Amino acid sequence: MGIGAHDARMFFVGCVVIQSIITLCLPLRFFLLRKGWRKSSMMAMWSDAFFMFGWLIMMGWGWFDVYLVAMEVAVREKATTQLEIDMFFNTELMAKVYFTNVFIVITAIWALKAAFLCMYGDLYSRIVNIRMTAFHFTVGYVFACFITLIVCALLECRPISSVWDMTNAENEPTCSPFYSYKFQLTMLILGIITDVLLMALPLHILAQMTLTAPEKRGIAFIFLLALISIAAILSRFCILNGQGVFESLGWKNISQYYWNGFLTWLEIMLVEIAFVLPSLRIALVSRKKKRSSGGGDVMMISLVEEDRSDVLADREDAEVEHWRFRK
Numbered sequence: 001m002g003i004g005a006h007d008a009r010m011f012f013v014g015c016v017v018i019q020s021i022i023t024l025c026l027p028l029r030f031f032l033l034r035k036g037w038r039k040s041s042m043m044a045m046w047s048d049a050f051f052m053f054g055w056l057i058m059m060g061w062g063w064f065d066v067y068l069v070a071m072e073v074a075v076r077e078k079a080t081t082q083l084e085i086d087m088f089f090n091t092e093l094m095a096k097v098y099f100t101n102v103f104i105v106i107t108a109i110w111a112l113k114a115a116f117l118c119m120y121g122d123l124y125s126r127i128v129n130i131r132m133t134a135f136h137f138t139v140g141y142v143f144a145c146f147i148t149l150i151v152c153a154l155l156e157c158r159p160i161s162s163v164w165d166m167t168n169a170e171n172e173p174t175c176s177p178f179y180s181y182k183f184q185l186t187m188l189i190l191g192i193i194t195d196v197l198l199m200a201l202p203l204h205i206l207a208q209m210t211l212t213a214p215e216k217r218g219i220a221f222i223f224l225l226a227l228i229s230i231a232a233i234l235s236r237f238c239i240l241n242g243q244g245v246f247e248s249l250g251w252k253n254i255s256q257y258y259w260n261g262f263l264t265w266l267e268i269m270l271v272e273i274a275f276v277l278p279s280l281r282i283a284l285v286s287r288k289k290k291r292s293s294g295g296g297d298v299m300m301i302s303l304v305e306e307d308r309s310d311v312l313a314d315r316e317d318a319e320v321e322h323w324r325f326r327k
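So, in structure tokens, the structure goes:
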């Protein structure tokens, strides 16, 4: 059976399933918005660009990690002693790969947050006479959080060369921000505050709309999908902390190492799904209410003026439905 081969195989299967779902997210989003994408505003296109950037990172890093896990499974199935496994892990190249993973994960997650931010910024740009202070503050905060996490990851292992220093690797683990309690706690706090701000942005717009209670609940449901990200990052931190991963630096047993990788992957997948779900709703609504004048079926959002009132319309045709805003 090898050493840790069963855990490695389970981790490999989980990675392949999650990575396959991530791979489908971008094609699914563009398929759902295929007829309305070319009419999108600049901010909406930036939103899709950030989402595509995060998706491409996950495609490259994710499938490469799947390949590494497959190699690890093969090594563990044949290994009869721990030394054979250590010869695979305790190399300068592998240490550099795992250290780079930290920055790849941070960049992918914050690229998806930027995609959400630009999507909400697109809503702001379509509303007349609305203050942009909250949006500008959130933009600055999200960018500052990203820089803070990058700096914290670099400062966690000083000097950085200690990450791939194999001098004493057989007796103690090399440094890794992924197994640092301080770094993971910082990532948790900044991530939750960022997601709360991203949820507050559309709710601020929603508060100004003169809609019925059921309509507001339906729209708020879409925007509150950011709760998925909060639940994912909080669950990952609590599970890893409960298993003592941070105390042992991930070396207590092999299952802790796999749990960390699996939950990180799962968090990114859930954020991508949360970004795609609103597109699914738009496609479903547009099928029920097709445009009478032909053209695209995707629900478009635009501003019109009527009797000196600010109006947000969900389609640009004769059967337009008006969303009125308070003065």
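When you line the sequence shown up against full-length UniProt numbering, it's residues 1 to 327, in that order. Note that beta-carbon positions come from the ideal geometry of N, C-alpha and C, so glycine has one too. Computed from a prediction, not measured in an experiment: that's the story for all the values here.
Assigned secondary structure, S162 (DSSP; H/G/I helix, E/B strand, else coil): helix
Inter-residue Cα distance where the pair is P159 and F178: 16 angstroms
Bounding residues of the alpha helix (DSSP H) (the contiguous stretch that carries P177): Unbroken run through P177: none, as it is neither H nor E.
The alpha helix (DSSP H) enclosing N101, as first and last residue numbers: E92 to S125
Cβ pair F31, Y258 closer than 8 angstroms: no
Span separating the alpha-carbon of K113 from that of T81: 44 angstroms
L123 to R131 span [Cα, whole Å]: 12 angstroms
The segment 69 to 79 in contact with the segment 136 to 153 per 3-pair CB rule at 8 angstroms: no
A274 versus N260: straight-line alpha-carbon distance, rounded: 21 angstroms
Own chain partners of C152 with C-beta closer than 7 angstroms, once the 5 adjacent residues on each side are dropped: F183 and T186
Continuous alpha helix (DSSP H) stretch holding G4: start and end: That residue, G4, is in no alpha helix (DSSP H); it is neither H nor E in DSSP.
Residue of F137, M52, I147 and N90 minimising C-alpha distance to I22: M52
Counted within 10 angstroms of its Cβ, other Cβ atoms place C202 as buried (16 or more) or exposed: Reading off the sequence, residue 202 comes out as Pro, not Cys. The residue is buried, with at least 16 neighbouring Cβ atoms inside 10 Å.
Backbone CA spacing between L33 and G60 [nearest angstrom]: 24 angstroms
Backbone CA spacing between I230 and I192 [nearest angstrom]: 6 angstroms
Proximity below 8 angstroms, CB of I109 to CB of V271: yes
Pairwise C-alpha distance: Y120 and A5: 45 angstroms
Given F64 as reference, the closest of F135, A134, Q19 and E84 once Cα atoms are compared: Q19
Nearest candidate by alpha-carbon position, reference A200, set I189, A232, F137 and S162: F137
Residue from E84, L28 and S162 whose Cα sits closest to the Cα of E92: S162
Endpoints, alpha helix (DSSP H) assigned at L154: T133 to E156
Identity of the residue in I3, D48, A44 and T133 nearest C25 by Cα: D48
Exposure of K327, with buried meaning 16 or more beta-carbon neighbours within 10 Å: With a pLDDT of only 45 at K327, under the threshold of 50, the placement of this residue in the model should not be trusted; the figure read from the coordinates follows. The residue is exposed, with fewer than 16 neighbouring Cβ atoms inside 10 Å.
Reduced DSSP category for S41 - H, G, I as helix; E, B as strand; rest coil: coil
Length of the line joining the Cα atoms of V97 and R29: 31 angstroms
M42, buried or exposed, once every other Cβ within 10 Å from all chains shown has been counted against 16: exposed
Nearest-angstrom beta carbon gap, E72 and A8 [assumed within contact, 8 angstroms]: 6 angstroms
Chain-order list of residues whose beta-carbon lies under 6 angstroms from that of C157 (same chain, five-residue window excluded): V163 and C175
Separation of W55 from V276, as counted between CA atoms: 12 angstroms
Cβ neighbour criterion (16 or more within 10 Å) applied to V17: exposed
Under the three-state DSSP convention, the category I22 falls into: helix
T194 versus V105 - alpha carbon distance: 16 angstroms
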